[in-house]
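A short write-up of the structure that comes next.
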Amino acid sequence: EPEVTQTPSHQVTQMGQEVILRCVPISNHLYFYWYRQILGQKVEFLVSFYNNEISEKSEIFDDQFSVERPDGSNFTLKIRSTKLEDSAMYFCASSGTGGDGYTFGSGTRLTVV
Amino acid sequence: DAKTTQPPSMDCAEGRAANLPCNHSTISGNEYVYWYRQIHSQGPQYIIHGLKNNETNEMASLIITEDRKSSTLILPHATLRDTAVYYCIVRVAANAGNMLTFGGGTRLMVKP
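Those sequence lines, one after another, are chains U and Z. Its first residue numbered 642, the first sequence is counted upward by one per residue in this note's numbering. Its first residue numbered -10, the second sequence is counted upward by one per residue in this note's numbering.
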């Protein structure tokens, strides 16, 4: 069964540093997403991406965040200057057209120290 | 998207059917009901979705009431591996890029 692959599985970074979280969505999917989940809290939407541009973003997705699809297979989330409160699990997801369910990756645990 | 209400937790005996309810009384005519689950800290996993007819796949069945104000996810023979948080989400499926809004879900504990 096709999978969404995320790397790394765990990243530790110092406050103020830039991090890039990487995702390889399912190859024939057209919509890409980032969600995050702070420990013990709900899964929160960050951003959706379609046709090489952001289609929707939440209030969390401020100027410190950016997304990119640098080639035909990768989808990245960059946090420019990390804060302690950015510590969370970050999930990438993709979906095809037609309203089928998303496929989520297994996540990257980001720890900001 | 319409809001959903789910019980915070449920228990089920292994091998028995698990019936997880969801209320979505403000659902609109073009909104679908989606179910996902999250096992421990893994990424959410899509289970099933439907508009108004009952749906079944290899994982579960979805029963939607005639007025569409509530639904039930049925795991016919729950196993220990079905222990997870189950999320009922309402969204407009026609816009495949629409975000999912996760609530607190139902924590299902399957017991031996």
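Think of the CB as a built atom: it goes at the ideal place given N, C-alpha and C, for glycine as much as any other residue.
message: Please confirm whether residue 650 of chain U has its beta-carbon closer than 8 Å to some beta-carbon of chain Z.
response: Under the Cβ distance rule, residue 650 of chain U does not count among the residues neighbouring chain Z, no pair being separated by less than 8 Å.
- prompt: If you measure from the beta carbon of residue 30 of chain Z to each beta carbon in chain U, is any gap under 8 Å?
  reply: It does: the Cβ of residue 30 of chain Z has a partner Cβ on chain U nearer than 8 Å.
- request: List the residues of chain U whose Cβ lies closer than 8 Å to the Cβ of residue 88 of chain Z, in chain order.
  value: Ordered by position in chain U, the residues that pass the 8 Å Cβ test against residue 88 of chain Z are 674, 686, 689, 697 and 699.
- prompt: Can you find a CB in chain Z that lies within less than 8 Å of the CB of residue 747 of chain U?
  reply: Against chain Z, the CB of residue 747 of chain U has a partner CB under 8 Å away; the residue lies at that interface.
message: Between the alpha carbons of residue 81 of chain Z and residue 24 of chain Z, how many angstroms are there, rounded?
response: Roughly 14 Å separates the two Cα atoms.
task: Please list, in chain order, all residues of the same chain as residue 39 of chain Z whose beta carbon is under 7 Å from its beta carbon, the five residues on each side excluded.
output: 21, 22, 51 and 53.
Within-8 Å CB hit, residue -5 of chain Z to chain U: Not a single C-beta of chain U is nearer than 8 Å to the C-beta of residue -5 of chain Z.
task: Could you tell me whether the Cβ of residue 716 of chain U comes closer than 8 Å to any Cβ of chain Z?
output: Output row for residue 716 of chain U: interface = no.
message: Does residue 69 of chain Z pass the burial test, meaning 16 or more other C-beta atoms within 10 Å, or should it be called exposed?
response: With fewer than 16 other Cβ atoms from the protein chains shown falling within 10 Å of its own Cβ, residue 69 of chain Z counts as exposed.
- prompt: Comparing alpha-carbon positions, which option in U:645, U:683, U:687 and U:654 lies nearest residue 670 of chain U?
  reply: Selected option, being the one with the closest Cα: U:645.
- prompt: So, does the CB of residue 646 of chain U fall closer than 8 Å to a CB anywhere in chain Z?
  reply: At a cut-off of 8 Å, the C-beta of residue 646 of chain U has no neighbouring C-beta in chain Z.
- prompt: If you compare alpha carbons, which of Z:90, Z:66 and Z:99 is closest to residue -6 of chain Z?
  reply: Considering only alpha carbons, the answer is Z:90.
- request: Taking all protein chains shown into account, decide if residue 27 of chain Z is buried (16 or more other Cβ within 10 angstroms of its Cβ) or exposed.
  value: Residue 27 of chain Z should be labelled buried.
- prompt: By how many angstroms is the C-alpha of residue 754 of chain U removed from the C-alpha of residue 61 of chain Z?
  reply: Rounded to whole angstroms, the gap between the alpha carbons of residue 61 of chain Z and residue 754 of chain U is 43 Å.
- request: Could you check which residue in Z:41, Z:92, Z:71 and Z:88 has the C-alpha nearest to that of residue 745 of chain U?
  value: Comparing Cα-Cα distances from residue 745 of chain U to each of Z:41, Z:92, Z:71 and Z:88, the minimum goes to Z:88.
message: Tell me which residues share the same chain as residue 94 of chain Z and place their Cβ nearer than 7 Å to its Cβ, disregarding the 5 neighbours each side in the sequence.
response: Closer than 7 Å at Cβ, skipping near neighbours: -5, 74, 75 and 76.
query: residue 649 of chain U and residue 749 of chain U look like a contact to me (Cβ under 8 Å); what is the Cβ gap, rounded to whole Å?
result: Under the criterion of beta carbons closer than 8 Å, residue 649 of chain U and residue 749 of chain U qualify as touching, at roughly 6 Å.
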